[in-house]
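Student: Residue numbers (my numbering), protein chains in the order written: chain A, 1 to 250; chain B, 1 to 299. Here a beta-carbon is modelled for each residue, glycine too, at the ideal position from N, C-alpha and C. Because the structure is a prediction, the values reported are computed rather than measured.
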Amino acid sequence: MSSKFSINALNLYYGEFHALKNITLDIPEHEITALIGPSGCGKSTFLKTLNRMNDLEEGVRIEGKVTLDGTDIYKDMDAIELRKRVGMVFQQPNPFPKSIYENVAYGPRINGIHRKQELDEIVERSLRQAAIWDELKDRLNKSALGLSGGQQQRLCIARTLAVEPEVILMDEPTSALDPISTSRIEDLAIDLKDKYTIVIVTHNMQQASRISDNTAFFLLGELIEYNNTERLFSIPADKRTEDYITGRFG
Amino acid sequence: MSEKLRHRIQRAKRINALMTGVFTGIGGFFLGLIIVLAGYIIIHGLMSYYPGLLSFTSKGIGNQLFNTVYLVFWALLISVPLGVLAGIYMAEYAGDTKLTRFIRVCIESLSSLPSIVIGLFGYLVFILMTGARWNLFAGALAVSILSLPSVTTTTEDAMRSLPKSYKAGSMALGATHWVTIVKVLLPACTPRIVTGVILAAGRGFGEAAALLYTAGQSTRIVWNNWNLSSVTCPLNPFRPGETLALHIWVMRTEGALNPNSEKIANFSAAVLVIIVLAFSMTARYLAGRYGKKQMGEKA
Numbered sequence: 001m002s003s004k005f006s007i008n009a010l011n012l013y014y015g016e017f018h019a020l021k022n023i024t025l026d027i028p029e030h031e032i033t034a035l036i037g038p039s040g041c042g043k044s045t046f047l048k049t050l051n052r053m054n055d056l057e058e059g060v061r062i063e064g065k066v067t068l069d070g071t072d073i074y075k076d077m078d079a080i081e082l083r084k085r086v087g088m089v090f091q092q093p094n095p096f097p098k099s100i101y102e103n104v105a106y107g108p109r110i111n112g113i114h115r116k117q118e119l120d121e122i123v124e125r126s127l128r129q130a131a132i133w134d135e136l137k138d139r140l141n142k143s144a145l146g147l148s149g150g151q152q153q154r155l156c157i158a159r160t161l162a163v164e165p166e167v168i169l170m171d172e173p174t175s176a177l178d179p180i181s182t183s184r185i186e187d188l189a190i191d192l193k194d195k196y197t198i199v200i201v202t203h204n205m206q207q208a209s210r211i212s213d214n215t216a217f218f219l220l221g222e223l224i225e226y227n228n229t230e231r232l233f234s235i236p237a238d239k240r241t242e243d244y245i246t247g248r249f250g
Numbered sequence: 001m002s003e004k005l006r007h008r009i010q011r012a013k014r015i016n017a018l019m020t021g022v023f024t025g026i027g028g029f030f031l032g033l034i035i036v037l038a039g040y041i042i043i044h045g046l047m048s049y050y051p052g053l054l055s056f057t058s059k060g061i062g063n064q065l066f067n068t069v070y071l072v073f074w075a076l077l078i079s080v081p082l083g084v085l086a087g088i089y090m091a092e093y094a095g096d097t098k099l100t101r102f103i104r105v106c107i108e109s110l111s112s113l114p115s116i117v118i119g120l121f122g123y124l125v126f127i128l129m130t131g132a133r134w135n136l137f138a139g140a141l142a143v144s145i146l147s148l149p150s151v152t153t154t155t156e157d158a159m160r161s162l163p164k165s166y167k168a169g170s171m172a173l174g175a176t177h178w179v180t181i182v183k184v185l186l187p188a189c190t191p192r193i194v195t196g197v198i199l200a201a202g203r204g205f206g207e208a209a210a211l212l213y214t215a216g217q218s219t220r221i222v223w224n225n226w227n228l229s230s231v232t233c234p235l236n237p238f239r240p241g242e243t244l245a246l247h248i249w250v251m252r253t254e255g256a257l258n259p260n261s262e263k264i265a266n267f268s269a270a271v272l273v274i275i276v277l278a279f280s281m282t283a284r285y286l287a288g289r290y291g292k293k294q295m296g297e298k299a
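In structure tokens, the structure reads:
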């Protein structure tokens with residue numbers, strides 16, 4: 001399986017704070033890669049380096065190399081183009097204060113698609129892919145803010161899919177949701193990996209082991225261990241990984 | 001349940017009921033005050049009506065009414081775009097530096113300047129320095145100076161109060177900062193900006209001191225003269241244009257020689273209150289409709 005992302009000797013600083021230390025790993029295409037570790041270990045920060053959302057924060061300095069299909073995303077790619085190819089789903093569902101339809105149509109619209117018929121097709125296809133079309137098809141003009149948390153999160157996934165990205169980054173997408181919504185999102189992630197490469201941050205180890213193909217364990221800004229998920233959870237190579245997955249700290 | 005606990009709950013409930021009463025009372029007091037004031041002005045004013053008072057001639061106040069609306073139109077045309085852009089700049093681009101803190105202090109000071117000072121400043125800059133006669137546009141500029149701070153501050157506050165996640169969500173889809181502002185952030189704060197615009201328009205409707213030496217205390221309109229360069233053309237903003245609020249002031253001071261001055265002033269006040277009410281209600285209605293279209297119907 002070929003690598004989608006290749007990260008080489010990545011260091012990130014928030015002002016004086018060294019948040020990511022010398023991270024090197026490859027993220028394979030059409031697989032789910034989970035990033036686990038205790039709070040503050042740098043896993044979310046790492047995720048945001050992949051679509052350059054860290055650019056929006058002040059005082060962030062990045063060293064090292066991140067490539068997407070061989071192109072350096074910090075040197076040879078525009079952040080806007082990168083974010084069209086690498087979508088993101090956030091920890092808190094964050095639909096816009098617009099109708100359900102307009103939320104999904106937003107991405108295509110800003111990319112210059114304005115024909116009603118074409119937008120209709122994209123909206124329906126994206127909502128179907130996010131497994132929420134049947135629930136929402138009769139209320140597309142209603143405000144997205146009136147949906148339940150789980151529905152909002154699937155709407156946000158549909159909104160991301162509407163731009164047809166190649167990679168979807170998910171930053172603890174189920175931490176604000178109830179168990180039923182959580183399992184729906186997990187099923188959805190597994191369905192989506194045929195077409196997309198998925199990187200998911202989670203603090204839920206069961207979730208990582210249920211859905212991911214590869215798992216990376218972060219601790220205090222360092223990548224401690226990165227392996228096939230089954231291997232990492234059954235025979236961890238590092239003592240700290242073992243301590244974490246057996247619940248000795250975290 | 002212990003006696004002590006029951007006692008404490010009883011006490012908490014009594015205080016809760018007391019405070020609810022206090023707040024309802026304060027709210028009711030202000031509601032009553034507004035009804036009494038507006039009611040007095042409107043009833044008293046309408047009772048002062050005599051035939052011809054609403055005519056668009058020197059006998060009636062029609063011209064002043066038109067001038068008021070036309071002046072507010074120009075004032076909003078100047079202050080709303082400038083104020084909204086300034087608010088966007090302060091919220092999204094300026095950041096928090098010594099310079100921007102200084103700018104913020106300036107904006108706040110601007111909003112507390114006495115309007116007679118703005119009027120004299122306007123007289124100096126827009127009339128004396130340009131060599132023009134009193135004109136409606138100079139008045140609109142003076143009112144813009146008064147209303148600019150409220151539009152800027154409400155826009156900035158509205159933008160800042162939006163959840164950060166709106167911006168992040170839009171940027172993560174590959175939108176630029178500007179597209180994010182225009183398509184997501186600005187529509188989301190439109191209802192609050194409309195409130196700022198209503199306040200700004202209110203300043204324009206009610207302003208007298210700032211217009212005394214800018215828009216002038218006279219008006220002469222020939223209603224079938226549509227030559228824009230003529231000083232009697234109704235739509236020429238560079239003609240003298242006395243507004244209703246100023247007319248009230250004039251009728252109660254220098255114009256008191258006019259035997260009907262009291263009736264004219266009373267009726268003008270009623271008309272002014274009614275157009276301000278009508279303007280606010282229309283603006284809110286339109287903003288509500290826009291909001292429904294933008295944000296989707298409530299589920």
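Applying the criterion that 16 or more other CB atoms from any shown protein chain within 10 Å of the CB defines a buried residue, is residue 140 of chain A buried or exposed?
Tutor: The residue labelled residue 140 of chain A in the question sits at position 140 within the first sequence. By the neighbour-count rule (16 or more Cβ atoms within 10 Å), residue 140 of chain A is buried.
Student: For residue 114 of chain B and residue 210 of chain B, I'd like the C-alpha separation in whole angstroms.
Tutor: For the purposes of this step, residue 114 of chain B is identified with residue 114 of the second sequence, where counting begins at 1. For the purposes of this step, residue 210 of chain B is identified with residue 210 of the second sequence, where counting begins at 1. C-alpha separation (whole angstroms): 9 Å.
Student: Tell me the start and end of each unbroken alpha helix (DSSP H) in the region 231-260 of chain B that is at least 4 residues and wholly inside, in chain order.
Tutor: You should have 244-252.
Student: With a cut-off of 8 Å, do at least 3 Cβ pairs link the region 234-244 of chain B to the region 61-73 of chain B?
Tutor: In short, these stretches touch, since the Cβ pair count reaches three.
Student: I'd like the span of the beta strand (DSSP E) that includes residue 219 of chain A, first residue to last.
Tutor: For this step, residue 219 of chain A is matched to residue 219 along the first sequence. 214-219 is the extent of the beta strand (DSSP E) around residue 219 of chain A.
Student: Within a Cβ cutoff of 8 Å, which residues of the same chain sit near residue 190 of chain B, ignoring the five residues on either side of it in sequence?
Tutor: Indexing the second sequence from 1 puts residue 190 of chain B at position 190. Within the same chain, residue 190 of chain B has close Cβ partners 287, 290, 291, 294.
Student: Smallest Cα separation from residue 251 of chain A: which of A/128, A/38, A/194?
Tutor: Chain A is shown from 1 up to 250; residue 251 of chain A falls before or after that span and cannot be answered.
Student: Use the C-beta contact count for residue 124 of chain B: other C-beta atoms within 10 angstroms, 16 or more gives buried, fewer gives exposed.
Tutor: As a working mapping, residue 124 of chain B is identified with position 124 in the second sequence. Label assigned to residue 124 of chain B: exposed.
Student: List, in chain order, every chain B residue whose beta-carbon is nearer than 8 Å to that of residue 115 of chain A.
Tutor: In the first sequence, the residue the question calls residue 115 of chain A occupies position 115. The premise fails here: residue 115 of chain A is roughly 18 Å from chain B at the closest Cβ pair, so nothing lies under 8 Å.
Student: Any Cβ of chain B within less than 8 Å of the Cβ of residue 88 of chain A?
Tutor: In the first sequence, counting from the first residue as 1, residue 88 of chain A sits at position 88. Interface residue, yes.
Student: Pull up the distance between the alpha-carbon of residue 40 of chain A and that of residue 140 of chain B, whole angstroms please.
Tutor: For the purposes of this step, residue 40 of chain A is identified with residue 40 of the first sequence, where counting begins at 1. For the purposes of this step, residue 140 of chain B is identified with residue 140 of the second sequence, where counting begins at 1. Taking the straight line joining both Cα atoms gives about 56 Å.
Student: Looking at residue 104 of chain A and residue 123 of chain A, is the spacing between their C-beta atoms short of 8 Å?
Tutor: The sequence position of residue 123 of chain A within the first sequence is 123, counting from 1. The sequence position of residue 104 of chain A within the first sequence is 104, counting from 1. For residue 123 of chain A and residue 104 of chain A, yes; Cβs fall inside 8 Å.
Student: Quick check: what's the CA-CA separation for residue 184 of chain A versus residue 125 of chain A?
Tutor: Counting from one through the first sequence, the residue named residue 184 of chain A turns up at place 184. Counting from one through the first sequence, the residue named residue 125 of chain A turns up at place 125. Spanning the two alpha carbons is a distance of roughly 18 Å.
Student: Rounding to the nearest angstrom, what Cα-Cα distance links residue 94 of chain B and residue 87 of chain B in this structure?
Tutor: Within the second sequence, numbered from 1, the residue matching residue 94 of chain B stands at position 94. Within the second sequence, numbered from 1, the residue matching residue 87 of chain B stands at position 87. When rounded, the distance between both Cα atoms is 10 Å.
Student: In this structure, does DSSP put residue 162 of chain A in helix, strand or coil?
Tutor: Within the first sequence, numbered from 1, the residue matching residue 162 of chain A stands at position 162. Correct three-state label for residue 162 of chain A: coil.
Student: What three-state label does DSSP hand residue 81 of chain A in the structure shown?
Tutor: Here residue 81 of chain A corresponds to residue number 81 of the first sequence, with the count starting at 1. Helix at residue 81 of chain A.
Student: Helix, strand or coil for residue 29 of chain B per DSSP?
Tutor: Position 29 of the second sequence holds residue 29 of chain B. Residue 29 of chain B: helix per DSSP, three-state reduction.
Student: Are residue 173 of chain B and residue 106 of chain A closer than 8 Å when you measure CB to CB?
Tutor: Within the second sequence, residue 173 of chain B is the residue found at index 173, counting from 1. Within the first sequence, residue 106 of chain A is the residue found at index 106, counting from 1. Yes.
Student: Which two residues bound the contiguous beta strand (DSSP E) that contains residue 171 of chain A?
Tutor: Start at 1 with the first residue of the first sequence, and residue 171 of chain A comes out as number 171. Unbroken beta strand (DSSP E) run through residue 171 of chain A: 167-171.
Student: Apply the 10 Å Cβ neighbour rule to residue 117 of chain B and answer buried if 16 or more other Cβ atoms are within range, or exposed otherwise.
Tutor: Here residue 117 of chain B corresponds to residue number 117 of the second sequence, with the count starting at 1. Its Cβ having fewer than 16 others within 10 Å, residue 117 of chain B is exposed.
Student: Is there a Cβ of chain A sitting closer than 8 Å to that of residue 64 of chain B, yes or no?
Tutor: Position 64 of the second sequence, counted from the first residue, corresponds to residue 64 of chain B. No, residue 64 of chain B lies away from the interface with chain A (no Cβ there is under 8 Å from its Cβ).
Student: Please list, in chain order, all residues of the same chain as residue 45 of chain B whose beta carbon is under 6 Å from its beta carbon, the five residues on each side excluded.
Tutor: The residue you call residue 45 of chain B lines up with position 45 of the second sequence. Correct list, in chain order: 266, 267, 269, 270.
Student: Between which two residues does the alpha helix (DSSP H) containing residue 5 of chain A stretch?
Tutor: Indexing the first sequence from 1 puts residue 5 of chain A at position 5. Residue 5 of chain A -> not in any alpha helix (DSSP H); beta strand (DSSP E) instead, spanning 3-14.
Student: Mark residue 10 of chain B as exposed unless 16 or more other C-beta atoms lie within 10 angstroms of its C-beta, in which case mark it buried.
Tutor: Residue mapping note: residue 10 of chain B aligns to position 10 of the second sequence, counting from 1. Looking at its Cβ environment, which holds fewer than 16 other Cβ atoms inside 10 Å, residue 10 of chain B is exposed.
Student: Rounded to a whole number of angstroms, what is the C-alpha to C-alpha distance between residue 134 of chain A and residue 67 of chain A?
Tutor: Taking the first sequence and counting its residues from 1, the one referred to as residue 134 of chain A is at position 134. Taking the first sequence and counting its residues from 1, the one referred to as residue 67 of chain A is at position 67. Between residue 134 of chain A and residue 67 of chain A, the C-alpha separation is close to 38 Å.
Student: Assuming contact is defined by CB atoms lying nearer than 8 Å, are residue 190 of chain A and residue 157 of chain A in contact in what I supplied?
Tutor: Sequence index remark: in the first sequence, residue 190 of chain A carries index 190 (1-based). Sequence index remark: in the first sequence, residue 157 of chain A carries index 157 (1-based). No, the Cβ-Cβ distance between residue 190 of chain A and residue 157 of chain A is not below 8 Å.
Student: In this structure, what does DSSP give as the bridge partners for residue 18 of chain A?
Tutor: Translated into the one-based positions of the first sequence, residue 18 of chain A becomes position 18. Paired residue(s): A/13.
Student: Under DSSP, the beta strand (DSSP E) around residue 222 of chain A begins and ends at which residues?
Tutor: On the first sequence, residue 222 of chain A is found 222 positions in, with the first residue counted as 1. Looking at the DSSP string, the run of the beta strand (DSSP E) that includes residue 222 of chain A is 222-228.
Student: Once you ignore the five residues that flank residue 160 of chain A on each side, which residues in its own chain have a CB closer than 8 Å to its CB?
Tutor: For the purposes of this step, residue 160 of chain A is identified with residue 160 of the first sequence, where counting begins at 1. Within the same chain, residue 160 of chain A has close Cβ partners 87, 88, 89, 107, 168.
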